[in-house]
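Residue numbers (the working numbering): 7 to 178. Note that beta-carbon positions come from the ideal geometry of N, C-alpha and C, so glycine has one too. The structure displayed is predicted, hence computed values, not measured ones.
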């Protein structure tokens, strides 16, 4: 597989749905920031910062460490959003051969994949913040943390769905 093969230059822009996903993602990032801000001053100075696969706390840190989640979420969202909206689709890598005929179908799929991945990851960051806060309050148990781990694994599988869709497009 040639990773840097030249693809046809077909001009395609992110759809309105993709743009809506990007804007919605920024709202999720903002909710994450406001969630941490809203509870920060009521938290104890030392909070759980890491959980094992059984959902038991195995790491503690200062409550300021909780800010890492929304800040990381915002930074990654900005970076991937810029890549998704500014990068030309013919510069991306595809799991299938891109031709003049299938490029108009493949390129929007690439934009949609990036939009969906970006949105799902900021949602996972928000849910992570929520679970940690609920765990601090003692309102959730190990099962919820295990579901959170499953959510992150599921997010990692999103590109496989779009690879499948791209293969189907090429076969049509």
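- In the three-state reduction of the DSSP assignment, residue 16 falls in the coil class.
- Taking a C-beta distance under 8 angstroms as the contact criterion, residue 121 and residue 24 qualify as a contact pair.
- Judged by their CB atoms, residue 53 and residue 66 are nearer to each other than the 8 angstroms cut-off.
- Fewer than three pairs of CB atoms, one per stretch, sit closer than 8 angstroms, so the region 36-55 makes no contact with the region 87-96.
- Here the C-alpha atom of residue 144 lies approximately 45 angstroms from the C-alpha atom of residue 98.
- Relative to residue 112, the option among 34, 33 and 170 whose CA is nearest is 170.
- Between residue 73 and residue 39, the alpha-carbon positions lie close to 8 angstroms from each other.
- About 31 angstroms separates the beta carbon of residue 34 from that of residue 102, a gap too long to meet the 8 angstroms contact definition.
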